[in-house]
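Colleague: According to the numbering used here, the sequence shown is numbered sequentially starting from 1. Where a beta carbon is used, it is the ideal one built from N, C-alpha and C, also for glycine. Below you'll find the structure I mean.
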Amino acid sequence: MTRIGKLLIFIFVLILLAAMGYEAQNVAKMGWNAFVEYKSPYLAQLPRVGSTEPLAKRVVLIVVDGLRLDASKKMPTLNELRKQGADLVVRVGQPSLSYPGWTVISSGAWQEISGVTTNWYEGEVQVDSIFKVAKDSGLPSIVVGSPGWKKLFNTHITEALTVEEPEEETSPEGWTKVDEETYRLALKALEKYDTGFILIHFIGTDSLAHIFGGVSEEYLAEALRVDGHIRELLNLMDLDEDVLIVTSDHGHIDAGGHGGWEEEVLRVPLVMVGKAIRQGVYTEKPQVDIAPTVAALLGLPSPAHSQGRPLLEMIEAPAEVKGRKGLNAALQLVGFYDAYSKALGGRTFAGDVLKKYRENIAIGEEGALANFHADLTRRASAARMARLWRERLVRFPIALAIALFPLLYLLLYRKRIRQAAIPLVFALLYFVIYNSIFFILRGHRWSFSAFNSEAQIKVFFNQCLMDAAFSMLITGLILALISWKKTWMETLERVVTFSFFTGYFLLIQVDFFYWLYNIKISWYLPDLKLGFKYYLDLLQMTPVGFLSLILPPLALAINWGIKRWRMAPAPIPQAIPTSQVSPEEAPRPEESPDMAEKKPEEVE
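Rendered as structure tokens:
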């Protein structure tokens, strides 16, 4: 190929890389907005099933925001309650943020169903909730704590006793005062309402974990203060008539932060004690089981969009009572999953699953409802996955074309493939440098827990952009320096090919996510760990694409500069005039052997 032909190909590749970098910004913005503004297609109005006999007069649910499982084990009052009642771990859904978690606790619906995916959710939740079920049944439905609960469940609630929250960076004392005010309002609520459902939310623990970290002294001290508040609140409860439940919406990573998939974030405590609660330590359960369990204790129907089940194995009641409650819960789940399967565009399956278990559930057989629920959720997961694979098959030819088309560039190397090795190695070096900065120097993970507060989101992503730019620039400059002996055309080819490989490796990672989950989401939430990585890959494309235009002329300048410096003639030493030479510095004539033998005074 002629030199002009190669130059034209190089220019075309560089323009494509720059265009890819520019368009990556738009795709990243589109994906972020699709996640933040996700509209659930599963919000159809669903009928509720009937009520059953109440087992408790009042259920008080205390949510200690951001309480880690390990921190909860250091709370004396909570540990005493563990010994008296049911002690277990619940697994939180993703994203593990506050508003989504509050909605899961109250509705029994995962984030994909409720549509509440971030703390920026606007308006009232569209799924049914235990608040609304209690209110519609004529029972008090009370919230004490953060104004966010009223924002999410406004018309679902009989009364909201809210506290004023200070700025995020408030001192520990400021958040302690917030929890003390929550405690005082909770006392009023317990004195005023002796029936129904009361939710009490302590927020100080979460805020101090964000500021000081999830294993900090300040965080643990606040957890212990909340533990003291729980002890005092117990004085206004009759556990022969009432049920107390203590849990958390999410945990925290050690440095402070949540939203991701880390075990210390997803595994939180659940302690139940009081009327009809069977003492024991139980296996891990999903967070969606809380709302239907509260409903069963109060004799209410489960929220219509609930995906969980009442934890009947933790309830002391006659088999016939458990049978009625279990069958009601099963019928609610059938109604929801029939609507779910229709929204997916598939056949209904929930009724067929129930036929297999209905008789055993109705007689209150231990484990029957749990087995039905496990089978049902497996079928629902299979139906969801079947639609995902149908859509993946449609996207596969496009994804394959995106992956293969850029490889046409390598035809330039068809007879000298070894010459592509050095640019390839340096492209891999870019990823080594970038990921070393991200994982080792910064200590990040592919997780929403990486930014500790909403104010840090922009800073975090800008930092990732700068790290990618630094990694690209330093790798490209090193490549230019080691290529100084090459001709300008060979140097240009190396740098362009390095940029090509770097951009291509980012492209195939983005392309893989596109094949799995598409660019925009409309009926599901993707794997958020992969989704976070996908967003970071798109961010890297921007500096990689734009620096691809800058590195070639920079490399040529380095190539020219080093050669010019190396080829410059050495300076010629100038003769020194005799008049400027001192007698001591004047050259002496070589002495003959005869002269050397004479004494100094004999020499004339």
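Would you tell me roughly how many angstroms separate the C-alpha atoms of residue 407 and residue 271, rounded to the nearest one?
Modeller: 58 angstroms
Colleague: Considering only DSSP beta bridges, list what residue 269 is partnered with.
Modeller: Residue 269 is bridged by DSSP to 89.
Colleague: Assess, as a yes-or-no matter, whether the stretch 159-179 is touched by the stretch 76-85 under the definition of 3 or more beta carbon pairs within less than 8 angstroms.
Modeller: A contact between stretches requires three or more CB pairs, one per stretch, nearer than 8 angstroms, and the stretch 76-85 fails this requirement with the stretch 159-179.
Colleague: Count the other CB atoms within 10 Å of the CB of residue 30; is the residue buried (16 or more) or exposed (fewer)?
Modeller: exposed
Colleague: Look up residue 203 in the DSSP assignment and say whether it is helix, strand or coil.
Modeller: Reduced to three states, the DSSP call for residue 203 is coil.
Colleague: Can you name the start and end residues of the beta strand (DSSP E) that residue 361 belongs to?
Modeller: Segment 350-362 is the alpha helix (DSSP H) holding residue 361; no beta strand (DSSP E) there.
Colleague: Between 248, 125, 485 and 226, which has its C-alpha nearest residue 564's C-alpha?
Modeller: 485
Colleague: With 16 other CB atoms within 10 Å as the buried threshold, where does residue 436 fall?
Modeller: Looking at its Cβ environment, which holds fewer than 16 other Cβ atoms inside 10 Å, residue 436 is exposed.
Colleague: Go to residue 162, then tell me how far its beta strand (DSSP E) extends in each direction, as first and last residue.
Modeller: Unbroken beta strand (DSSP E) run through residue 162: 159-162.
Colleague: Counting only the same chain and skipping the five closest in sequence on each side, list residues whose C-beta sits under 8 angstroms from that of residue 479.
Modeller: 422, 423, 426, 494, 495, 498 and 555
Colleague: From this set, 190, 73, 293 and 355, which residue's C-alpha is nearest residue 133's C-alpha?
Modeller: 293
Colleague: Under a Cβ-count criterion, where at least 16 other Cβ atoms within 10 Å of its own Cβ denotes burial, should residue 548 be classed as buried or exposed?
Modeller: buried
Colleague: Using the C-alpha atoms, what's the distance from residue 262 back to residue 162?
Modeller: 31 angstroms
Colleague: Keeping to the same chain, check which residues put their C-beta closer than 7 angstroms to that of residue 537; ignore five residues upstream and five downstream.
Modeller: Correct list, in chain order: 506, 509 and 510.
Colleague: As a quick exercise: from 417, 530 and 147, pick the residue whose alpha carbon is nearest that of residue 611.
Modeller: A question about residue 611 goes unanswered here, because the residues of the chain that appear run from 1 up to 604.
Colleague: Assess, as a yes-or-no matter, whether the stretch 226-239 is touched by the stretch 42-52 under the definition of 3 or more beta carbon pairs within less than 8 angstroms.
Modeller: These segments do not touch.
Colleague: Evaluate contact between the stretch 278-290 and the stretch 92-109, counting only Cβ atoms and requiring at least three cross-stretch pairs below 8 angstroms.
Modeller: yes
Colleague: Roughly how many angstroms separate the alpha carbons of residue 516 and residue 388, rounded to a whole number?
Modeller: Distance between the alpha carbons of residue 516 and residue 388 is about 8 angstroms.
Colleague: For the alpha helix (DSSP H) that residue 67 lies in, which residues bound it at each end?
Modeller: No alpha helix (DSSP H) contains residue 67, which DSSP labels as neither H nor E.
Colleague: Is the separation between the beta-carbon of residue 323 and that of residue 383 shorter than 9 angstroms?
Modeller: Here residue 323 is not near residue 383, since their CB atoms are 9 angstroms or more apart.
Colleague: How would you write the range of the alpha helix (DSSP H) that residue 5 sits in, first residue to last?
Modeller: 3-36
Colleague: Report the rounded CA-to-CA distance for residue 58 versus residue 514, giving the unit in angstroms.
Modeller: 49 angstroms
Colleague: So within the stretch 487-520, which uninterrupted beta strand (DSSP E) runs reach at least 3 residues, ignoring any that extend past its ends?
Modeller: none
Colleague: How about residue 51 and residue 300: are their beta carbons less than 9 angstroms apart?
Modeller: Yes, these two residues count as a Cβ contact at 9 angstroms.
Colleague: Taking its Cβ as the centre, do 16 or more other Cβ atoms sit within 10 Å of residue 10, making it buried, or is it exposed?
Modeller: Classification for residue 10: buried.
Colleague: Taking only three categories from DSSP, how would you classify residue 242?
Modeller: strand
Colleague: Considering only residues of the same chain and omitting the five flanking positions on each side of residue 368, which have a CB-CB separation below 8 angstroms?
Modeller: 326, 357, 360 and 361
Colleague: Just the C-alpha distance for residue 90 and residue 285, rounded to the nearest angstrom, thanks.
Modeller: 5 angstroms
Colleague: Grouping DSSP H, G and I as helix and E and B as strand, with all else coil, what is residue 315?
Modeller: strand
Colleague: For the beta strand (DSSP E) containing residue 143, name the first residue and the last one.
Modeller: It spans 141-145 - the beta strand (DSSP E) in which residue 143 sits, taken as one unbroken run.
Colleague: Considering residue 480, what are the terminal residues of the alpha helix (DSSP H) in which it resides?
Modeller: 456-482
Colleague: Residue 386 to residue 395, Cα distance in whole Å?
Modeller: 14 angstroms
Colleague: Let's see if you can read the secondary structure: which residues bound the alpha helix (DSSP H) around residue 382?
Modeller: Its alpha helix (DSSP H) spans residues 368-404.
Colleague: Pick from 403, 344 and 312: whose alpha carbon is nearest that of residue 364?
Modeller: Comparing Cα-Cα distances from residue 364 to each of 403, 344 and 312, the minimum goes to 312.
Colleague: If you draw a straight line from the alpha carbon of residue 152 to that of residue 124, how long is it in whole angstroms?
Modeller: 5 angstroms
Colleague: Taking C-alpha atoms, which residue in 543, 308, 210 and 567 lies nearest to residue 17?
Modeller: 543
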